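S.K.: Counting with the working numbering, you get residues 83 to 300 for the letters of the sequence shown.
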Amino acid sequence: MATLAEAGLVDRDPVTLRYRLGGRLFSLAARTEEAALARRARPWLRRLASTTGETSHLCVLRGGAVVTLASELGHAAGRTQTWEGVSTAAWLTPSGRVLLSGHDGPSLEAWFATHGAGEPLPRARRRRIGPEGWLLARKRPHRLESLVRELELVRREGRAVSRGELEDGVVALSVPVRSFTGEVVAALNVSGPASRDEALRSWGPLLHEASRSLSGPA
Numbered sequence: 083m084a085t086l087a088e089a090g091l092v093d094r095d096p097v098t099l100r101y102r103l104g105g106r107l108f109s110l111a112a113r114t115e116e117a118a119l120a121r122r123a124r125p126w127l128r129r130l131a132s133t134t135g136e137t138s139h140l141c142v143l144r145g146g147a148v149v150t151l152a153s154e155l156g157h158a159a160g161r162t163q164t165w166e167g168v169s170t171a172a173w174l175t176p177s178g179r180v181l182l183s184g185h186d187g188p189s190l191e192a193w194f195a196t197h198g199a200g201e202p203l204p205r206a207r208r209r210r211i212g213p214e215g216w217l218l219a220r221k222r223p224h225r226l227e228s229l230v231r232e233l234e235l236v237r238r239e240g241r242a243v244s245r246g247e248l249e250d251g252v253v254a255l256s257v258p259v260r261s262f263t264g265e266v267v268a269a270l271n272v273s274g275p276a277s278r279d280e281a282l283r284s285w286g287p288l289l290h291e292a293s294r295s296l297s298g299p300a
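1. Check for me: the beta strand (DSSP E) holding G187 runs from which residue to which?
2. Mind checking which residues open and close the alpha helix (DSSP H) that includes L182?
3. Can you tell me where the beta strand (DSSP E) holding H290 begins and where it ends?
4. Look at L235 and W173 and say whether their C-beta atoms are less than 8 Å apart.
5. Between the region 177–194 and the region 135–151, can you find at least three pairs of beta-carbon atoms closer than 8 Å?
6. Answer yes or no: the CB of V259 versus the heavy atoms of the ligand MN, is any distance below 7 Å?
7. Going by beta carbon distance, what residues of the same chain come within less than 6 Å of V149, once the five residues before and after it are set aside?
8. If you draw a straight line from the C-alpha of V272 to the C-alpha of P188, how long is it?
9. For E265, count neighbouring Cβ atoms within 10 angstroms of its own Cβ and tell me buried if that reaches 16, exposed if not.
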């Protein structure tokens, strides 16, 4: 047991001296569930990318960041690499707002106190001198009050939209994926150039269909 405790797989209560499951074990279990969800989502991500022509993503919340577990490029995507493994500030993306919409008031306040009121984070911005270069602008986090208002809208509409928040000239639409208990555990997202803003509405039905298929028991 001492070896397991050193590995973080069990914790020992300093008063009762009894052992309980450790935080690392819960973390490993969560990552295993994420990997299983990513495998199940892959066919849907391919279908989303094929149908919309744009890039599709499956994202989860880890601390103050949104991490892309899986991603597929569409034929019209202006990229050669996916976002897999990339993390961004949760409050800066529609997927992050979808994931945060599952927090109640106290848990959202606790999250914001830890992750939302820190230093400004990078935001990709195109250079004026050409389409290939990027500059990093600084964007400050939301105030808690404005974030609460945005999340109320996300809950009502069942989706979140971004227009140029993370990257200039990029629009994105995200919807939640839920566990069998109704907890928001992931977000599905499609993103594309701002020139396709009119098409953004048409992505919703397929995203919600994918969400319904992936939500609930594995």
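From the three backbone atoms N, C-alpha and C, an ideal C-beta is built for every residue, glycine too. As the structure is a prediction and not an experimental result, all values here were calculated from the model.
M.R.: By the coordinates alone:
1. First-last for G187: G187 to W193, but that is the alpha helix (DSSP H), not the beta strand (DSSP E).
2. P176 to L182
3. Here H290 belongs to no beta strand (DSSP E); instead the alpha helix (DSSP H) covers L282 to L296.
4. no
5. yes
6. Although the ligand MN was asked about, the structure shown includes no ligands whatsoever.
7. V142 and S169
8. 30 Å
9. exposed
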